[in-house]
Structures are given as structure tokens and as C-alpha cells.
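Chains as they are written, first to last, in the working numbering: chain F, 1 to 661; chain A, 1 to 661.
Beta carbons are placed, not taken as given, at the ideal position from N, Cα and C, and that holds for glycine.
Take a look at the structure set out below.
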């Protein structure tokens with residue numbers, strides 16, 4: 001029996017389930033014209049962003065497709081284009097639903113938290129299901145045709161390209177719009193957040209979707225594809241049985257079924273966070289049952305392989321719980337930042353930095369334990385299987401993340417449309433949980449990116465060996481090229497984060513100028529008589545963010561090629577590992593620290609330590625503002641960075657490895 | 001001819017020259033009783049700190065000495081005690097002079113900048129010369145007796161222990177006292193900095209010396225000793241000729257002579273920074289001439305070795321110039337932070353973080369280029385020789401760094417004693433250069449610590465091989481133990497920095513309480529009628545800082561042992577490199593970023609962008625306060641961290657390597 005046909009089928013099932021959910025979400029009719037108008041503006045803004053982004057990508061993709069065709073092979077060109085198109089399609093479907101689900105959630109909120117929660121989760125699940133389904137379909141489909149995972153690596157890189165744009169450009173967009181809206185609206189004009197008089201308010205709402213729906217979707221699409229391909233390459237290297245090559249795809253298929261079943265558990269009148277977690281835990285349990293049945297009972301593989309899948313699931317859940325500890329208002333880290341705010345902004349920042357750095361400890365230990373255990377169970381292949389098992393939860397995780405911008409937007413729409421207080425209470429309750437889900441899924445994305453990249457590195461080593469005509473290639477720490485590569489690799493995430501942080505400032509500046517201009521030149525905005533020019537703000541921040549991603553994007557793509565061609569394959573190997581090491585730690589520090597700063601402010605806003613308007617609150621706002629580009633731009637953008645570097649290395653392994661260089 | 005006798009002799013020459021300079025400094029008589037009283041309080045406070053610190057260290061050292069005696073050998077116990085005593089002695093001499101040079105500089109300032117500059121430099125050179133002299137004397141002396149560098153590694157670890165205490169404890173002390181004095185004095189009571197009515201003012205002045213005189217001295221003493229020993233071990237491994245074992249010591253001796261000659265060039269009426277740089281560049285040139293003559297003409301060694309010494313000197317100078325670019329007021333990075341301050345504290349912090357992260361780029365490239373070039377010239381031994389050549393400038397570099405607290409204190413004394421404006425102008429001019437010298441020498445310390453640690457790692461690999469009875473030991477990136485070790489090693493500096501940052505907050509809190517109490521309970525302080533209880537503040541911050549260093553200290557010492565004993569020698573090798581990678585980058589980011597924040601504030605205080613009291617200034621003060629524990633506590637403390645881990649690994653290599661584990 002050809003299992004690949006089954007995994008193709010299940011990929012399609014995931015997509016269809018996603019589309020069904022989309023129909024469910026869209027079938028809810030909204031009649032309030034004011035709300036529809038706002039939602040429509042957000043929808044149009046999001047589509048305008050995607051259109052411009054995809055147009056830019058198309059040009060770059062065309063060039064890369066030609067390069068791959070000339071230097072690598074035609075299969076890589078084809079799969080590369082397909083990967084980019086599939087990932088873009090997932091982003092497009094996700095964005096087009098989540099920017100229309102927002103108004104429906106705001107509208108259904110009058111019927112209670114429970115229904116609103118269900119609808120917003122379903123909206124998020126559209127993105128989750130299409131991302132996982134398209135990724136599995138793509139990898140399985142191309143493997144079905146080519147029967148060689150090495151020829152499908154282009155599919156992964158197609159995902160990389162979209163992810164790079166979505167994470168960097170999207171990250172810059174979301175924070176530039178946020179800062180621009182806040183700085184002029186809240187600070188200079190003294191109007192509340194999400195006030196329709198603010199010209200940047202639509203851009204801000206678009207930005208939420210750009211970051212946490214399209215950005216996370218593309219990021220996990222990429223991780224999914226490259227982990228599967230990397231694991232399959234290691235399966236080939238085992239040289240035993242085709243089953244080991246297809247096994248990663250089978251895990252992915254089970255994860256999709258598990259996530260579909262798990263998604264039915266997101267209901268009930270419990271605490272909102274608990275309800276969402278129920279869905280994740282149910283998906284994990286269903287997947288594990290499936291893993292056991294298929295691995296042990298049906299395929300009769302070594303039970304050790306099943307245990308490595310358990311390792312992957314446990315890593316995923318631990319990443320969730322650890323990050324929750326570091327970013328939720330009820331625990332020590334966030335409270336320590338809130339308390340520090342009483343001594344002013346500087347002490348808030350110092351404490352936040354300390355919390356961010358400390359928050360790397362447990363995830364790093366978890367990843368290390370995961371590596372050691374899965375390696376002892378099944379060698380390098382075991383690590384790859386653990387990574388694949390972890391990423392098989394993609395559908396439910398992306399659903400959780402995309403839930404965030406939907407409820408965030410719903411709150412904004414409720415506020416802009418002046419809905420009654422009880423409705424806004426409901427949307428606020430949903431939104432505040434969204435902050436936590438965004439933080440915990442980010443940690444999942446970082447952890448899975450690190451494991452995916454380690455899998456890719458192992459595949460790189462295999463590829464290099466394959467092209468070295470039997471000569472043994474060792475990447476030894478006693479080799480000065482490896483050490484130099486490690487230094488250069490570890491350096492890149494620092495440099496890259498620096499550029500991303502600065503880019504937010506520059507892009508924000510352009511929108512601040514525009515918002516100021518509109519308030520000055522368009523008469524009647526403040527009185528609510530004239531509508532500001534929302535579209536122009538959306539346009540400006542779109543252009544600015546795409547411009548600012550050029551340099552970090554070039555660094556991500558060119559640095560491994562330069563090192564590979566100039567210093568050679570050995571130094572490149574060091575560079576790959578160096579980038580994973582410092583990228584993993586820096587991304588965690590930035591993402592978790594940023595989340596903690598955010599919730600420290602919210603903790604004070606809940607009425608603690610003086611509440612809103614107190615000096616402690618002013619200090620906490622500074623921390624939150626610093627945390628914004630950390631957690632939404634620089635931190636998440638490191639994920640595609642390390643994956644792009646590792647994937648490119650595999651693509652060019654033939655050139656580096658064959659002794660040409 | 002036995003060259004070791006000559007290097008012993010030149011070590012003694014360095015010490016004697018240091019003591020002569022001390023005599024010159026002390027021979028300048030100060031008559032103003034008010035000034036003497038202040039200086040005396042600082043002197044006593046510094047001695048009280050050292051006494052308590054050394055007492056604590058003595059207990060720990062006694063335990064370690066026994067452990068080494070039982071598990072390693074008696075030679076390690078002896079050299080360990082000697083290393084600790086020598087380093088402590090250097091710290092004691094340095095501190096006892098610099099805390100008395102301060103008042104003399106304040107006094108001589110009336111005779112003009114030129115004389116004051118000369119005297120403050122001489123005060124700093126006392127520490128520089130004794131540090132380098134004692135380190136060279138110790139390593140040479142023990143090699144003379146034992147004829148095996150492996151038996152002298154204890155001397156390096158003795159230096160490590162003092163350095164760990166001096167950098168962590170001293171770093172916490174200096175910033176806790178600073179913050180404590182500022183927060184209550186400047187902010188709550190509205191009195192100027194360095195006001196004698198502030199109970200913490202003496203502790204603050206003591207802190208400057210504890211950080212930049214004792215801390216830097218102990219740090220470079222350690223780097224000097226371990227680099228020399230590491231290079232000698234690699235010289236042994238070359239297996240060619242005893243000359244290669246002694247060669248590092250010869251370079252050290254030449255560096256001392258070069259620094260003595262170079263120190264005569266620190267004179268003239270030029271720009272202050274230029275005058276100091278003249279001394280460094282002259283020292284570098286004299287050393288290079290000496291290196292060439294001895295290496296090529298006299299010893300007739302391969303000229304490639306001379307070129308590796310050039311690499312070391314060039315790295316040292318480039319680290320200076322790059323850091324100057326990132327931390328001086330006249331260049332883009334500092335100005336960008338100053339400009340960002342106009343948009344508030346949050347934008348100042350974001351920009352400062354971005355500058356800090358960016359500032360890792362060029363130093364990392366310089367170190368990488370240095371590694372590749374010196375390796376291509378003379379293999380691993382070449383890297384060690386480049387490191388030794390770099391660190392041979394210790395005497396002049398420590399002189400430059402210790403110049404900082406002397407002029408800082410001189411400014412404080414001038415202010416407290418209400419000296420006329422023209423004198424304070426002179427001390428201010430000297431002090432503002434001190435900020436730059438402190439920043440650039442920190443980058444030197446970080447760069448040399450990284451190279452020293454790489455040398456130690458290479459020695460560790462050799463030692464492991466030696467104890468593995470011929471079995472080849474490879475630290476390969478394809479080995480999961482190496483990867484886990486790399487992750488754990490890279491994690492440690494993040495965790496450690498987090499603890500250091502938080503420790504400053506806690507220690508500062510204790511002194512803030514005390515200062516508040518004194519202002520409340522001791523009547524007449526604000527009117528200047530009653531003297532506050534300075535000694536109590538000094539005592540409290542001393543105790544607090546020594547208490548706070550316990551946990552980071554334990555992490556530094558135990559983490560390599562735990563990994564070595566539990567995960568084995570292979571994982572430990574990965575851990576060592578991981579710690580060097582992330583430690584190097586994080587230390588640079590924190591130290592350079594902190595320096596840039598500091599000078600951005602000073603740039604605004606110079607009257608730019610609104611000057612003192614403007615909103616931009618308020619924002620810049622926040623950045624400066626965040627930068628303080630970054631650049632003076634966490635950043636510099638990473639240096640001993642990575643050296644301690646690497647040195648301990650060598651000491652226990654016999655246990656890890658012999659297959660017991």
C-alpha cells in the first residue's frame with residue numbers, strides 16, 4: 001500500500017475541514033452597517049498588504065527560480081515555486097477569513113462568551129487547518145512524484161521565502177502601525193485606543209492579523225515542510241526501508257486528524273484559557289493514540305520510535321506551560337516586572353531584560369533533554385521524529401495563535417462601533433487571553449524552529465557526505481573553520497535583531513508623520529465629522545515595512561551562501577549550528593520578555609499597584625513599548641532566519657560538497 | 001640560557017616599576033584637610049571591602065585547595081593558592097594607590113590638565129604594572145620549578161577565583177552604590193551628585209574603584225595567566241622544542257617592557273584621549289619591535305610566529321577603535337540614541353538595545369579574521385600566540401582603565417570639597433575621557449577573554465586526548481552530546497547575566513533603605529551640620545554585594561563540573577565553546593550598549609537636543625540607568641565566567657578524560 005497517497009488524502013481533508021470552518025464562520029450574518037464598514041476596511045487593508053507583499057515576492061521568487069534551475073536542478077525550481085504558492089495560499093485564505101471573522105465575533109458577543117469563543121477559535125482554525133493541510137499535501141505530493149526527498153527541498157525553501165517576508169515585513173508592519181497609532185492617537189491627541197478618529201486605527205487592526213495570522217501561519221508552514229523533508233532525508237540516510245522515509249509524513253497526517261478531533265473540545269463555559277488548552281491537550285492525546293496505533297500496532301515499527309513521538313509532544317506542551325509561567329499575570333516573573341515599575345521605567349526595563357534572559361533556561365533544558373532522550377531512542381533520526389511529532393500539532397497551534405488577532409480586532413470593532421459595555425466586556429475577556437495564546441505559541445514556534453533546524457543541519461551533514469565521494473567530513477570543534485563558522489552564525493541573530501528593532505522605528509516614523517499630517521490638514525477628524533484617510537495609512541506602512549525588510553532579508557539569504565562559497569562547507573556547518581544556538585536563545589529572550597512586559601502593564605491596568613494613570617503604570621508603558629518590537633518583530637523573525645540559512649545550505653550542498661568549493 | 005629566569009626578572013621589573021610609580025604618586029602631598037578627609041573615607045571603604053571580600057574568598061579557597069589536593073595533585077593546590085594570593089595582592093596594591101591618587105589628582109588639577117592627566121595615568125599604571133608583573137612572575141616562577149605547564153594551571157584558577165569575586169561582587173557593589181546614591185540623593189532629596197550630605201556618596205566613590213580598578217585588574221590578571229598557561233600547554237603539545245613552551249612568557253615579558261616604555265609617551269598638551277592613546281600605540285609599537293627582534297633575529301623562529309603576534313596586537317587596537325566608534329559622542333551610534341531620546345524613554349531603550357546588538361558585528365568579524373589568519377600562520381598554537389600577544393599589553397590597558405575611577409573620584413572630591421570652578425572643569429575633562437577609556441578597555445577585556453578561552457579549550461582537548469590513552473576524541477557537531485553541550489554552554493551567560501542584573505537591584509534596594517533611614521533619623525544632614533554615617537553604607541553594600549554573588553558564582557563553578565560528570569567530557573567540550581560564543585556576544589552587547597547609553601545622556605547634557613532638564617534628557621537618564629548594570633556588572637562578569645568554566649575543565653580533564661567518567 002502506498003502510504004503517500006493516504007497522507008496526500010489527509011492533507012486534502014485538513015484543507016477541506018478548514019474551508020468548511022470558513023463557511024461556518026462566514027455564514028454568521030452581521031447586519032450592523034457601522035461594524036461591517038470597519039471590518040471591511042480591515043479586510044481591504046489586509047488584502048492590499050498581501051497583494052503588495054506577494055507581488056514583491058513574485059519578483060524575487062522568479063529570480064531565485066531561475067538560479068535554482070541553472071545551478072541546482074529543475075525539480076528544485078518547480079517545488080520551490082509550489083512551496084511559495086502553497087504558503088501564500090494558506091496565508092491568503094487565513095487572512096481573508098480572520099479579517100472577516102473579527103466583526104462576526106464582535107457581533108455574536110452579545111450571545112455570551114461561550115459562543116464568541118467558539119466562533120473566534122473556528123476563525124483561527126481556518127488558518128491552522130489550511131497551513132497544516134497544504135504543507136502536508138505539498139511535501140507528500142512531490143514525494144509521490146519524485147520519490148526522493150532531496151528533490152522536494154525546494155518546497156521547503158518556497159515556504160522559507162514567504163515566511164521570511166511574512167515574519168520580518170509583517171513584524172515590522174504590525175508594530176510600526178501599532179506605535180504610529182498609539183503615539184499620535186493616545187499620546188498626542190488623547191483619544192482612546194481603537195478610536196475611529198485615528199487615521200492609523202485600521203492599519204493597526206490590519207497589523208494584528210499580518211503578524212499573528214499570516215506571520216505565524218507562514219512560519220509554521222515553513223517549519224512543517226522543512227522538518228518533514230529533513231526527517232525524510234535522514235530516513236533515506238538510514239538506508240533501511242522506505243517506511244522510514246514516509247514515516248514523518250504519516251505522523252503529520254495523524255497530527256491533522258488529531259487536531260480536527262481536538263478542535264471539537266474547544267467548547268464549554270469554563271475559564272477561556274482552559275477551554276482553549278482543552279483543545280490543545282485533546283489534540284495531543286488523539287495524536288499520541290494515533291502515533292501508538294500506527295507505529296506499533298499497524299506498521300510494527302520499533303516502539304522506541306513511538307517514544308520519540310512522545311518526546312516531541314511533551315516538548316510542545318512544556319514550551320506552552322513554561323511560557324505561560326513567564327508571561328501570565330498570576331506568576332512571579334510578570335509580577336516582579338510590575339513591582340519594579342514602582343521604581344520607575346529604568347528598573348522596569350532592567351527587570352524585564354532579566355526576566356527575558358532567565359526565561360531561556362527551562363526551554364533550553366527541555367530542548368536538551370529532548371535531544372538526548374530522542375537520540376538515545378533512535379539516533380539522529382529520533383531527533384527528527386521528535387521534531388516532526390512536535391510540529392504535527394501545527395493545525396491546532398496556529399488556530400490558537402490566529403485566535404488572537406480575531407478577538408483583538410473584535411474588541412477594536414466593538415469599541416469603534418460603540419457597542420454596549422457588556423459586549424465589550426466579553427470581547428475584552430477574549431482578547432486578554434489572546435495575549436497569552438500569542439506568547440505561548442511563539443515559544444512553540446521558536447522551539448520547533450530550533451529542532452527543525454537541527455534536523456536540517458543533520459541532513460546538511462548527510463548531503464555533504466553524499467557529495468564528498470566517500471571522503472569523511474567531520475565538523476570538529478578543534479577545527480578553526482568550525483569555530484569561525486560558529487562565531488559568525490551566532491553573530492547573525494544579534495545583527496538581524498538589531499536591524500529589525502531599528503526598522504520598526506523607521507517605519508513607525510513614516511506613519512507618525514502621516515497621522516500628524518491628517519490631523520492637521522483634514523478638518524473635522526477630531527469632531528468625528530470627517531473620516532480620516534485610513535487607506536493611505538495602510539498603504540504607507542505597507543510600503544515602509546516591505547522596504548525595511550530588504551536588508552535583514554538579504555542578510556538571511558546571503559550570509560550562508562557567502563560563508564559557504566568563501567570559507568567552505570566546514571565553516572558553513574559551524575555557522576548553521578551557531579545561528580541555531582544564539583537564535584534560539586535570543587528569540588526566546590525577546591519573545592518571552594516582550595510578553596512579560598506586556599502583561600506587567602496589563603496587571604497594573606487591572607487596578608494593581610496604583611492602576612492606570614499611576615507612575616508605576618507610566619513606567620510599565622515604557623516596558624510594554626520596548627517589548628513590542630522585541631516580541632512581535634525581532635524575536636519571531638529569528639525563526640525564518642535560522643531555517644532559511646539551514647535550508648539554503650542543503651540546497652547548495654551539492655555545490656559546496658562536491659569539491660567545487 | 002634559561003629564558004624563564006629572564007621572564008621572572010622582567011616580571012619583577014614590572015612590579016618594581018609599579019611600586020616606583022606608587023611612590024611618585026604618594027609623594028605628592030595634599031594639605032587641604034577637607035579633601036584628605038573625603039579621600040581617606042574612600043580609602044578606608046575600599047580597604048574594608050577588600051578585607052571582607054578576601055576573607056570570604058579565603059574560606060572558599062581553603063575548601064577548593066583541599067579538593068584540588070585530594071582529587072588532582074598537590075602542585076595544583078600550591079599554584080592555586082599562589083594565584084589567588086598574587087591576584088589579591090595586585091588588587092590590594094592597585095586599590096590602595098588609586099584611592100589615594102584621586103585626592104592628589106584633584107589637588108594637582110589647579111596646575112593644569114597636563115599635570116593632572118599625568119598623575120592620574122601614573123596612579124592607574126600602578127595597578128597595570130603590578131597586575132602584569134605579578135602574573136608573569138607567577139607563571140614563569142612555577143614553570144621554572146615544575147617544568148610542566150599542566151602543573152601551573154592552578155595558578156590560573158587562583159586568578160579565576162579572585163576575578164569571579166571581583167567582577168561579580170565588585171560589579172554589583174559599584175552599581176548598587178551608584179543607584180542607591182542617585183535614587184535618594186538626586187531624585188528624592190534633590191541634591192547634586194557627589195554631595196557630601198549623601199550618606200552613600202563614599203560608597204559610590206569606593207564602587208568606582210572596586211569596579212574599574214580591582215575588577216578589571218583581577219580580570220586581566222586571570223586572562224594573562226590562563227592565556228600564558230594555555231599557550232604553553234599547546235606549546236608542549238607541539239612536541240618540538242622547549243622554546244615553544246617558553247615563547248608565550250617571552251612575549252609577556254616584552255609586553256611589559258613595551259608598556260613601561262610606552263607609558264612615557266603619556267604626556268603633552270594634546271587632546272586628553274589622544275595623549276592616552278599615544279601611550280597605548282607607543283606600547284604596541286615597542287612590543288612589536290621587541291617581538292620581531294626576539295622572534296626572528298634572536299631566537300631564529302619562523303617569521304610566521306612574529307606575524308601571529310602582529311595579529312594579536314592588531315586585534316587589540318581594532319577592539320579599541322571599534323568600541324570608541326560605538327561609545328564616543330561624536331559618532332552615529334551614540335547620537336542615534338540621543339536623537340531617539342526625543343521620542344521618549346522607550347525609543348531610547350529600543351535604539352540602545354539595537355546599538356548594543358549591532359556593536360557585536362565588527363568585533364566578532366575581527367576575532368574571526370584573527371583566528372583564521374593566525375591559524376593559517378601557525379595552527380592552533382598560532383591562535384594562542386595571537387592571544388598572548390594581545391594580552392601582553394595588559395599593563396598599559398589596565399593603566400588606562402584604572403585611570404577612570406581615579407579621575408572620577410577626583411571630580412567627586414573636587415565637588416564635595418567645593419573647589420573652584422576652573423579646577424572642576426579640569427577634573428570634569430579628565431573624567432569624561434575616563435568614560436571612554438573604561439568602555440574601550442572593557443571591549444579589550446572581552447575580546448582577550450574570548451581568545452584566552454579558545455586557547456584553554458584547545459588545551460582542554462589536548463589534555464583529554466592525553467588522558468584518553470591514545471583513543472581519538474572528536475568533538476563533532478554531528479554528536480548529539482556536543483550539540484547539547486553547546487546549548488547548555490550558550491545558555492549559561494544568559495542566565496548569569498539575568499542573575500547579575502537582578503542582584504544589582506536587590507543590593508541597591510538595601511542601600512536605598514539605609515540612605516532613606518539616615519536622612520530621616522539623623523537630624524541635620526540636609527543642612528550639612530551633621531555628617532552622615534558613610535561607613536555604614538559602605539558596610540551594607542559590601543555585605544549585600546558579596547551575598548548576591550553567591551548564586552552566579554556557584555553557577556560558574558558548578559555548571560562545567562556537573563556537565564562534565566553527568567554528561568561527560570564530550571558534552572563538556574561543547575559547553576565550553578557554547579559559553580564562549582554567547583558569552584562573547586552578550587558581554588559585548590551589554591558593555592558597549594551600556595557605554596553608548598551613558599554617553600548619549602552626556603551628549604544631551606552637553607547642551608544638545610534640549611540639554612539637561614529637557615524631556616530628551618529624562619529619557620536618556622532612563623537609558624543610562626539601564627546601561628549601568630549592563631556595562632558594569634553583567635557584561636564584565638561574563639569574562640571570568642567563561643574563563644572559569646574553561647580553566648576548571650582543564651583542571652578536571654584528568655578525571656573526565658581517563659574514562660572514570
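Classify residue i: buried if its beta carbon has 16 or more other beta carbons within 10 angstroms, exposed otherwise.
i, result
"residue 617(F)", "buried"
"residue 629(A)", "buried"
"residue 324(A)", "buried"
"residue 660(A)", "Confidence at residue 660(A) is low in this model, with a pLDDT of 48, below 50, so its placement is unreliable and the value that follows should be read with caution. With fewer than 16 Cβ atoms within 10 Å of its Cβ, residue 660(A) is classed as exposed."
"residue 464(A)", "buried"
"residue 711(A)", "Only positions 1 to 661 of chain A appear in this structure, which leaves residue 711(A) out of reach."
"residue 221(F)", "buried"
"residue 240(A)", "exposed"
Which stretch, first to last residue, makes up the alpha helix (DSSP H) that contains residue i?
i, result
"residue 90(A)", "74-108"
"residue 266(F)", "No alpha helix (DSSP H) holds residue 266(F); DSSP gives it neither H nor E."
"residue 349(A)", "345-358"
"residue 29(A)", "Looking at the DSSP string, residue 29(A) is not in any alpha helix (DSSP H), and its letter there is neither H nor E."
"residue 123(F)", "113-146"
"residue 314(A)", "303-327"
"residue 1(A)", "It is not in any alpha helix (DSSP H) - residue 1(A) carries neither H nor E in the DSSP assignment."
"residue 286(A)", "272-292"
Any heavy atom of the ligand HEM closer than 6 Å to the beta-carbon of residue i?
i, result
"residue 339(A)", "Of ligands this structure carries none, so the ligand HEM is not represented either."
Is the Cβ of residue i closer than 7 Å to any Cβ of chain F?
i, result
"residue 346(A)", "yes"
"residue 375(A)", "yes"
"residue 442(A)", "no"
"residue 582(A)", "yes"
"residue 577(A)", "yes"
"residue 310(A)", "no"
"residue 350(A)", "yes"
Would you please verify whether the beta carbon of residue i is less than 7 Å from any beta carbon of chain A?
i, result
"residue 357(F)", "yes"
"residue 487(F)", "yes"
"residue 226(F)", "no"
"residue 214(F)", "no"
"residue 573(F)", "yes"
"residue 384(F)", "no"
"residue 354(F)", "yes"
"residue 97(F)", "no"
Length at least 4, wholly inside the segment 417-496 of chain A: the alpha helix (DSSP H) runs in chain order: 421-467
Could you list the residues in the segment 510-533 of chain F with a C-beta less than 7 Å from some C-beta on chain A, going in chain order? none
Alpha helix (DSSP H) segments (min. 4 residues) lying fully within the segment 520-586 of chain F: 534-548, 550-566
Where the segment 494-507 of chain A meets chain F: residues whose CB sits under 9 Å from a CB there: 494, 495, 496, 497, 498, 499, 500, 501, 502, 504, 505
Please name the residues in the segment 588-608 of chain A whose beta-carbon is closer than 8 Å to at least one beta-carbon of chain F, in chain order. 589
Name, going along the chain, the residues of the segment 544-565 of chain A whose beta-carbon falls closer than 8 Å to a beta-carbon of chain F. none
Contact list for the segment 459-481 of chain F against chain A, Cβ threshold 7 Å: 461, 474, 475, 476, 477, 478, 480
Near-chain F residues of the segment 622-650 of chain A - C-beta to any C-beta below 7 Å: 622, 625, 626, 629
Just by C-beta distance, which residues in the segment 322-335 of chain F are closer than 9 Å to chain A? none
Can you give me, in chain order, the residues of the segment 5-23 of chain F that have a beta carbon less than 8 Å from any beta carbon in chain A? none
Can you pull out the residues from the segment 240-256 of chain A whose beta carbon lies closer than 9 Å to at least one beta carbon of chain F? none
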